[in-house]
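Protein sequence lines correspond, in order, to chains A and B.
If you're matching positions, the first sequence starts at 1 in my numbering and goes up one per residue.
If you're matching positions, the second sequence starts at 1001 in my numbering and goes up one per residue.
2 protein chains.
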Amino acid sequence: MEKKTEAKSLRNKEKSKQKFLAAVEKILHTKGFSGLKVNDIARTAGLDKKLIYNYFGGKDGLIDEYIRSQDFWSNVKDESGETLINDGGKEFSKTMLLSQFDYIFKNKNIQKILLWGLIENRKSLRKLANDREENGARLFEGITDPHFKENAKRYRAIIALLISGIYYLDIYAATNDCTFCGLDLKSTSGRSEIENAISFLVDKTYE
Amino acid sequence: MEKKTEAKSLRNKEKSKQKFLAAVEKILHTKGFSGLKVNDIARTAGLDKKLIYNYFGGKDGLIDEYIRSQDFWSNVKDESGETLINDGGKEFSKTMLLSQFDYIFKNKNIQKILLWGLIENRKSLRKLANDREENGARLFEGITDPHFKENAKRYRAIIALLISGIYYLDIYAATNDCTFCGLDLKSTSGRSEIENAISFLVDKTYE
DNA sequence: ACAACATATCACCAATTGGTGATAAAAATA
DNA sequence: TATTTTTATCACCAATTGGTGATATGTTGT
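See below:
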């Protein structure tokens, strides 16, 4: 390479790979998992399907790389810095849950991938789940386990229920127009009811 | 028809239809949604695929009939009869949630169909969701709404979180070996932690 | 026995699927 | 400029997909 990767070059491996990854995302949103066929992906990317085999080793390799490219849990970490952990992680848990409820509702990518994790058992999906576990482990082991002591596991179970409930409700709202327990999960009023419930339950848990 | 549907007859329309429905179920368990191809279904049923078009109008008709054949919410109704509703539905809610947690864990059919409802938007799936809503409406309108009065909607939101959490955790446990919030959802100890959390949260809600 | 009907199979179709070797075209190197 | 390497396209393949008309076979009624 004489001149480093000119933007004007018509043939650019990296750019082509990105086109394939973008095509996967687009098809995932429009047609869902079942629409992910090599021919469609190549057509959507505007490139030849042979390149999928050359660059990713096949459809599975491409899909794995797409999943790996989505690093969702990095934004969950500790955005609030080192603020008040003297409350046993109460406020942190609350804001974490509420922000997840909002974030996942707006992010169609994570919805699809969470759903994917309930259907398939890909290596790349497992890694994502493990990342989430490791990320949560820091909260539990560092803050809430010492606070709840013998009840530490019950706190984990409560958070598990709330997190997974948030997942399910957000995905349900995205793919379904029907209500859930009589609540319209797409309306702001329905969603604020859920938010109030989350706050309420966390408060009660720390009583 | 002289003699009504002999069991020994080699050609029996109803029995053949049942074979197709059983084949759908089997493939759903072994290969998942993506494995539901007419050729496979027919091969699994041991019959010709033409019959799928003759009897059900096509693959979609067959699948819809399979979904309709699964009436899950009938067992949720009021199994406890008319016992203690003077507690505002507290015990009823608790046992309902706990039995759902156990029932869905053991019933692979409902897991798959719940998952299906998060992916597709079939008419038959919508109907199933509506059945669930109507079923729940009886509990809410008849018992808990009058009890919680101005907080009725928050109670609904709490139940929505718990129900959907139960759904997600059970499905997650079935397709994933990984833990969730550090809890092993397949072990009895992990599951009893969740059960304790459900009881705890319902109790706190009624305080 | 016979016909009439219901039930099921078969052969075949067009379109789509995943996948590959040969080849063209652009870019880097000399 | 000529040469080599990278990047991308093309034509083609076998297998599978959904779907159908013609046909065979079992069952029922006369």
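We put the beta carbon where it would ideally sit given N, CA and C, even for glycine.
In this text the structure is predicted, and so the values were computed from the model without any measurement.
Cβ neighbour criterion (16 or more within 10 Å) applied to residue i
i	result
R1011/B	exposed
K1112/B	buried
R1138/B	exposed
G1089/B	buried
S1189/B	exposed
G1182/B	buried
A1192/B	For the record, residue 1192/B in the displayed sequence is Ser; it is not Ala. With fewer than 16 Cβ atoms within 10 Å of its Cβ, S1192/B is classed as exposed.
G136/A	buried
Pairwise C-alpha distance: residue j and residue i
i	j	result
D1184/B	L128/A	17 Å
I1110/B	N86/A	43 Å
Y53/A	E14/A	15 Å
L115/A	I104/A	12 Å
E1065/B	K31/A	24 Å
I158/A	F1140/B	23 Å
G165/A	D1170/B	11 Å
Q70/A	V38/A	20 Å
S1009/B	A1023/B	21 Å
N176/A	R132/A	26 Å
R154/A	A1160/B	20 Å
L47/A	F33/A	20 Å
V76/A	R1043/B	48 Å
I1163/B	Q1018/B	32 Å
C1178/B	E134/A	11 Å
K149/A	Y168/A	29 Å
E120/A	K49/A	24 Å
G117/A	E91/A	29 Å
S1199/B	K1094/B	6 Å
I1027/B	F1020/B	11 Å
D40/A	H1147/B	55 Å
Y55/A	K1186/B	39 Å
D1145/B	H1029/B	39 Å
Residue i - containing alpha helix (DSSP H), residue span
i	result
Y1066/B	1059-1069
E25/A	13-30
L158/A	For the record, residue 158/A in the displayed sequence is Ile; it is not Leu. Element bounds for I158/A: 152-175.
D48/A	Careful: D48/A lies outside any alpha helix (DSSP H) and carries neither H nor E.
R1191/B	1188-1205
I110/A	108-119
G1136/B	1123-1139
F1148/B	1145-1148
Bridge partner(s) assigned by DSSP for residue i
i	result
L1183/B	F1180/B
Whole-number beta carbon distance between residue j and residue i, since they are thought to touch under 8 Å
i	j	result
S1124/B	I1067/B	4 Å
K1204/B	K204/A	4 Å
L201/A	L1201/B	6 Å
E1195/B	F1072/B	With a Cβ gap of about 20 Å, E1195/B and F1072/B do not count as contacting.
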